[in-house]
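Engineer:
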Amino acid sequence: MNTSPGVCGVFEVIRAIKLCVLTIYSFIRHRLLVIKWAHHADNRSFGWDWKSINFNRIAVVNLLLSNYKNPKYLEIGCSTNILFDSVPTMNKIGVDPVAGGTERMTSDEFFFKNKTQFDVIFIDGLHTYAQARTDVVNAIKCLNRDGWIVLHDMLPQNWIEHHVPSVSNSAWTGDVWKVAFELLQTEGIEFKIVKIDFGVGVARVSKNNVELTDLTSKLASEEFNYYYDNIVSLPIVEWQEAQQWILS
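Residue numbering for the sequence shown is 66 to 313, as defined by the working numbering.
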């Protein structure tokens with residue numbers, strides 16, 4: 066049965082109303098959360114324009130994989146599979162409790178049962194310091210020597226992008242950046258942050274039995290102001306420098 070033009074028009078109006086309501090709800094929720102957490106606010110911000118940089122996390126992961134003949138790849142946090150489907154290796158596993166990848170479970174559940182060693186592990190799960198740190202610790206244990214760990218969302222632009230719990234109505238990086246300070250101080254790990262795509266952290270684990278430096282007692286309660294004041298100590302590099310390092 067064909068739907069009449071009039072009925073189609075009604076459906077379009079209903080969809081438009083729903084979209085409008087959701088937009089208004091999202092805006093109001095965002096404003097209320099910003100007010101609630103205003104005591105964490107910081108007016109300073111970075112002016113990075115990620116859309117103007119024509120490289121992203123896909124470029125990083127595939128460049129790393131190009132170092133291997135038949136690499137094993139693990140991705141934590143797949144969602145829409147934008148990255149996972151762009152990785153050409155046949156030996157790949159994607160873990161996400163909601164959508165995408167190949168394994169429908171949390172990263173903790175996966176690492177508990179996993180027996181495979183990987184060459185490259187990409188971490189983009191829950192954007193909190195606690196979970197990102199746990200994922201890194203677990204990733205190190207199942208990484209081949211001289212393997213790589215990649216972390217997304219390490220360079221928040223402002224306190225709203227950073228804040229945990231999320232108060233953002235657009236991009237949310239969370240406080241994953243805190244792990245960067247631990248990776249930087251860990252023996253047996255070379256670490257850099259590529260200044261693309263909300264900050265892509267790249268760590269080469271060059272020794273066996275590496276233990277991530279634990280700065281939890283110092284960093285757990287820190288907010289955006291700490292990150293802003295100490296960002297100069299992080300090894301942030303442009304794409305060209307990162308490419309030379311990865312291929313060296």
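Backbone N, C-alpha and C fix where the C-beta goes; we use that ideal spot for every residue, glycine too.
Count Cβ pairs between the region 162-172 and the region 232-239 that sit closer than 8 Å; are there 3 or more?
Structural biologist: Segments in contact, no.
Engineer: For lysine 157, I'd like the list of residues in its chain whose CB is within less than 6 Å of its CB, leaving aside the five on either flank, ordered along the chain.
Structural biologist: Your numbering for residue 157 matches position 92 in the sequence shown. Once the five neighbours on either side are set aside, the close Cβ partners of lysine 157 are Tyr138.
Engineer: Looking at glutamate 226: is its Cβ nearer than 7 Å to the Cβ of threonine 238?
Structural biologist: Your numbering for residue 226 matches position 161 in the sequence shown. Your numbering for residue 238 matches position 173 in the sequence shown. Yes, these two residues count as a Cβ contact at 7 Å.
Engineer: In its own chain, which residues sit with a C-beta less than 6 Å from the C-beta of asparagine 223, not counting the 5 before and 5 after it?
Structural biologist: If you number the sequence shown from 1, residue 223 lands on position 158. The residues are Ser110.
Engineer: Measure the CB-CB distance between valine 152 and phenylalanine 175 and report whether it falls below 7 Å.
Structural biologist: Indexing the sequence shown from 1 puts residue 152 at position 87. Indexing the sequence shown from 1 puts residue 175 at position 110. Going by C-beta atoms, valine 152 is not nearer than 7 Å to phenylalanine 175.
Engineer: Going straight from the alpha carbon of valine 202 to that of threonine 251, what length do you get?
Structural biologist: To locate residue 202, count along the sequence shown from 1; it is residue 137. To locate residue 251, count along the sequence shown from 1; it is residue 186. Each residue's alpha carbon lies about 12 Å from the other.
Engineer: Checking contacts by CB at 7 Å: is isoleucine 79 closer than that to chain D?
Structural biologist: No chain D is present in this structure, which holds just one protein chain.
Engineer: Thinking leucine 216 and isoleucine 188 are a contact (beta carbons under 8 Å), I'd like their distance in whole angstroms, please.
Structural biologist: As a working mapping, residue 216 is identified with position 151 in the sequence shown. As a working mapping, residue 188 is identified with position 123 in the sequence shown. Contact holds; Cβ gap of about 5 Å.
Engineer: What are the uninterrupted segments assigned as beta strand (DSSP E) that are 3 or more residues long and contained completely in the region 175-225, given in chain order?
Structural biologist: DSSP runs (the beta strand (DSSP E)) wholly in the region 175-225: 183-188, 208-216.
Engineer: Report buried or exposed for alanine 245, applying the criterion of at least 16 other Cβ atoms within 10 angstroms of its Cβ.
Structural biologist: Along the sequence shown, one-based indexing puts residue 245 at 180. Buried, by the Cβ-count rule.
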